[in-house]
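Asks: This is the structure I have questions about; it appears just below.
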Amino acid sequence: QDKIQQLMEEIKVLKKQRRAIILSHVYQRPEIQEVADFVGDSLELSRRAAETDAEVIVFCGVHFMAESAFILSPDKIVLLPEQQAGCPMADMVDAASLKARKEKMPGAVVVCYVNTSAEVKAESDIACTSANAVKVINSIPRDKPVLFIPDKNLGDYVAKKSGRNNITVWEGYCTTHERLSRAEVVAAKEEHPGAEVLVHPECRPDVVELADAVASTTGMLRYAGESAANEFIICTEKGILHQFHKRYPDKKFYPASDKLVCPNMKATTLDKVHRSLVTMEPQITVAPEIRERALNCLERMLAIK
Ligand code: 13P
Ligand code: SF4
């Protein structure tokens, strides 16, 4: 405990010296969320990265998020304290296979989930996150075919929500959310009959069907505050429980399964954040020609309010 406190104090001092801002996704370890200047979902983190006047962004999340921060703020130093923190879903599509698929679908609009590499964004028309995916789809003329990459579960959800039948979905998925089974959610509902079920759209469609609310991580946090219910079953990565307990100490939150842990999100530790602020490594950058095209894709998304 003392060591944690000491590291947190040192990080705060270093952060000032380096004129750095620490951004944390809600799936990060509690102590990382506590030391961060801002905790949010991927959409909010992108907006913060685009707007900040800090000189250094310490991104406590996974690789594609730090890349997006650099794409939006190329004059800043972007640090990813654990370079190996990737996203298995983002790795399920690469630029070459996307190009090959696009050739078979001339005229299709490519919508990419932000959980993709910069190279893939450079080959896509517009990005989305789970918070704005339906809005992004609705911004595309209804008669235009859409290729949605890489999350088949989010793709299935937006296709149902938008009522379009011209959305082709890539075969990717989140290895963490995909682990949650319908049977586990049914069992949790039996155990907590008064609880509402909050589901992230990266979950399988048969889990999404059981939801009282389907939402991004921020959407879930907002919903729990506004709902009259006092108990909630949470179908997303367990790191978010720190925010639920902190914001609504009088309400009860139950993770739908103990399997809901993303090892990549947990790879960032206080030690690594401290080290990255001392060494200013590992820095994440994107080559200029890729960055420019990927920026168009992200800016089109950010223009949608
Ligand atoms: P959101 O924070 O946008 O809901 O993203 C979920 C996720 O899996 C990020 O890796
Ligand atoms: Fe990727 Fe899923 Fe982990 Fe998010 S939770 S970083 S989508 S593997």
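Numbers given in full-length UniProt numbering equal positions in the sequence shown, counted from 1, plus 2.
In this text, a Cβ means the ideal position worked out from N, Cα and C, and glycines have one as well.
What you are looking at is a predicted structure, and each value in this text was computed from that prediction instead of being measured.
1) Closest to Thr131 by C-alpha separation, out of Lys146, Asp145, Val113, Glu125, would be which residue?
2) Since I believe Met91 is in contact with residue 322 (beta carbons under 8 Å), could you give me their beta-carbon distance rounded to a whole number of angstroms?
3) Alpha carbons only, please: which of Ile236, Pro143, Arg293 is nearest the one belonging to Pro76?
4) Using a Cβ-Cβ cutoff of less than 8 Å, which residues in the same chain neighbour Ile23 once the five nearest sequence positions on both sides are dropped?
5) With C-beta atoms as the reference, is Ile236 less than 7 Å away from Pro265?
6) Could you name the residues of the same chain whose beta carbon sits closer than 7 Å to that of Lys154, not counting the 5 residues immediately before and after it, in chain order?
7) Just verifying my parser: in three-state terms, what is the DSSP assignment at Val112?
8) Is the beta carbon of Glu204 sitting closer than 7 Å to the one on Leu156?
9) Is any heavy atom of the ligand SF4 found at a distance shorter than 6 Å from the C-beta of Asn298?
10) Quick check on Val160: does DSSP put it in helix, strand or coil?
11) Mapping DSSP to helix, strand and coil, what is Val209?
12) Could you pull the start and end residues of the alpha helix (DSSP H) that residue 318 belongs to?
13) Within a Cβ cutoff of 6 Å, which residues of the same chain sit near Ala231, ignoring the five residues on either side of it in sequence?
14) Please report how far the alpha carbon of Pro83 lies from the alpha carbon of Ala120, in whole angstroms.
15) Between Val28 and Gly42, what straight-line distance do the alpha-carbon atoms span, to the nearest angstrom?
16) Put Ile6 into one of helix, strand or coil per three-state DSSP.
17) Report all residues for which the CB-ligand distance to some heavy atom of the ligand SF4 is below 7 Å; order them along the chain.
18) Does the separation of the CB atoms of Asn134 and Ser164 fall below 7 Å?
Replies: From the atom records:
1) Within the sequence shown, residue 131 is the residue found at index 129, counting from 1. Selected option, being the one with the closest Cα: Val113.
2) In the structure as shown, the chain begins at 3 and stops at 307. Residue 322 is therefore absent and cannot be evaluated.
3) Locating residue 76 in the sequence shown gives position 74, counting from the first residue. Ranking Ile236, Pro143, Arg293 by Cα distance to Pro76 puts Arg293 first.
4) Residue 23 sits at position 21 when you count from the first residue of the sequence shown. Non-local C-beta neighbours of Ile23 in its own chain, meaning closer than 8 Å and more than five positions away in sequence, comprise Lys17, Asp39, Phe40, Arg50, Thr54, Ala56, Val58, Ile59, Val60, ordered along the chain.
5) As a working mapping, residue 236 is identified with position 234 in the sequence shown. As a working mapping, residue 265 is identified with position 263 in the sequence shown. It is not a contact, given that the beta carbons lie outside the stated cut-off.
6) Residue 154 sits at position 152 when you count from the first residue of the sequence shown. Cβ contact annotation for Lys154 (same chain, cutoff 7 Å, sequence separation greater than five): Val171, Trp172, Glu173, Gly174, Tyr175, in chain order.
7) Stepping through the sequence shown from its first residue, residue 112 is reached at position 110. Secondary structure at Val112: strand, using DSSP grouped into helix, strand and coil.
8) Position 202 of the sequence shown holds residue 204. Position 154 of the sequence shown holds residue 156. Going by C-beta atoms, Glu204 is nearer than 7 Å to Leu156.
9) Within the sequence shown, residue 298 is the residue found at index 296, counting from 1. For the ligand SF4, not one heavy atom lies less than 6 Å from the Cβ of Asn298.
10) Residue 160 sits at position 158 when you count from the first residue of the sequence shown. DSSP places Val160 in helix when its eight states are reduced to three.
11) For this step, residue 209 is matched to residue 207 along the sequence shown. Under the three-state reduction of DSSP, Val209 is assigned to helix.
12) Past the edges of the chain, shown from 3 to 307, lies residue 318, and the structure says nothing about it.
13) One-based indexing of the sequence shown puts residue 231 at position 229. The beta carbon of Ala231 lies closer than 6 Å to those of Glu198 in the same chain, with the five residues before and after it left out.
14) By 1-based counting over the sequence shown, the position of residue 83 is 81. By 1-based counting over the sequence shown, the position of residue 120 is 118. Separation of Pro83 and Ala120 (C-alpha to C-alpha, rounded to the nearest whole angstrom) is 19 Å.
15) Counting from 1 along the sequence shown, the entry for residue 28 is found at position 26. Counting from 1 along the sequence shown, the entry for residue 42 is found at position 40. When rounded, the separation of the alpha-carbon atoms in Val28 and Gly42 is 6 Å.
16) Sequence index remark: in the sequence shown, residue 6 carries index 4 (1-based). Of the three classes helix, strand and coil, the one that applies to Ile6 here is helix, per DSSP.
17) Listed by position along the chain, the residues with Cβ atoms less than 7 Å from a non-hydrogen atom of the ligand SF4 are Tyr29, Val64, Cys89, Pro90, Met91, Ala92, Asn117, Cys176, Thr177, Thr178, His179, Glu204, Glu239, Cys264, Asn266, Met267.
18) Taking the first residue of the sequence shown as position 1, residue 134 is located at position 132. Taking the first residue of the sequence shown as position 1, residue 164 is located at position 162. Not a contact, by the Cβ cut-off of 7 Å.
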